[in-house]
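Okay, so here's the structure we're looking at.
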Amino acid sequence: AQSVTQLGSHVSVSEGALVLLRCNYSSSVPPYLFWYVQYPNQGLQLLLKYTTGATLVKGINGFEAEFKKSETSFHLTKPSAHMSDAAEYFCAVRADNYGQNFVFGPGTRLSVLP
Amino acid sequence: DAGITQSPRHKVTETGTPVTLRCHQTENHRYMYWYRQDPGHGLRLIHYSYGVKDTDKGEVSDGYSVSRSKTEDFLLTLESATSSQTSVYFCAISDGTNYEQYFGPGTRLTVT
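Line by line, the protein sequences give chains A and B.
Be aware that the first sequence starts at 8, since it is given in our numbering, and climbs by one per residue.
Be aware that the second sequence starts at 2, since it is given in our numbering, and climbs by one per residue.
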C-alpha cells in the first residue's frame, strides 16, 4: 500500500529564510505526487503536482518541489519565506495505478517568524 | 474557487444519534470524496463516489455510510455517532482528468 511520511510535524523559519518541507513516499506504482496547503479554518488547496515529465515542478506562491525517484522523495521548497506562508502543508501520493484516490501524509505546520 | 459547499459547517451531537453531512458541488465533477482530518493523521479517506449511485469504501469507512443520488450531492451519514468520530470532515471533488482535488470548507463535528 502507498504511504507518505512528512518529517517534522512543525517547522519554524524566519521571514526571508529558505523553506524546506520534507516528504517521502512509498509506492508500488509510478507515483503521482502532490502538495496541498491548508490555511486556518479552510479546506486544502493544491500547491503543485508531479505526474510525468520534468522532475522539478513549480507551483503557486513561489513554491517548487523536486521528484527524486532514487530517494523516493518530493520535498517542497521556497527560497524566501513570507508571513503569509504560515499554514499546514500536506504531501499526497496517488493510491493506485488506475483510480483517482490519494493517500495523504500527516502534515507539517509551518510557522514564519518575523 | 471550485463551487463546493458543505453543510452544516459546525455540529454538536450526542453519542448514539445519527448525523448526516452534505456536500454540494456546482462543477459537475464525476468524483466526490469524504475525508476526515485528525491531528497527526492528515486526511483519511472515508468513502468516495465515481458517479451517481457508484460509491466505494475508503480507509476508515466503519461506522459511516454514503449516498449519491445526484451528481451534485454526496451525503455522509454517521449511523450512530461515537466520540471517536469527533473530527473535521472535508468533502473533495475531482473531474478525473488531471488528478487534482478541490476541497470544501469543512464541517467540524463534535460528538459528546
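Every residue, glycine too, gets a C-beta built ideally from N, C-alpha and C.
Count the C-beta pairs between the region 90-102 of chain A and the region 45-58 of chain A that are closer than 8 angstroms, then say yes if the count reaches three, no if not.
-> yes
Please determine, among Ser-10(A), Gly-114(A) and Gly-50(A), the residue with the shortest C-alpha to C-alpha distance to Ile-94(B).
-> Gly-50(A)
Residue nearest to Gln-13(A) in terms of C-alpha spacing, selected from Leu-83(A), Val-20(A) and Phe-70(A) = Leu-83(A)
DSSP state of Asn-104(A), grouped into three classes?
-> coil
When DSSP builds the beta bridges, which residues end up paired with Ile-67(A)?
-> None; Ile-67(A) has no bridge partner.
Residues of the region 41-70 of chain A with a CB closer than 9 angstroms to any CB of chain B: list them in chain order, please.
-> Phe-41, Tyr-43, Gln-45, Asn-48, Gln-49, Gly-50, Leu-51, Gln-52, Leu-53, Lys-56 and Thr-58
Do the region 24-32 of chain B and the region 91-108 of chain B meet, that is, are 3 or more Cβ pairs less than 8 angstroms apart?
-> yes
Whole-angstrom distance between Glu-15(B) and Val-36(A), CA atom to CA atom = 43 angstroms
If you count every other CB in all the chains shown that lies within 10 Å of the CB of Lys-85(A), and 16 or more means buried, which is it?
-> buried
Just the C-alpha distance for Thr-78(B) and Arg-69(B), rounded to the nearest angstrom, thanks.
-> 12 angstroms
Taking Cβ-Cβ distances shorter than 7 angstroms, what residues in chain A pair up with Ser-95(B)?
-> Gln-107
Coarse secondary structure for Asp-92(A), derived from DSSP in three states = helix
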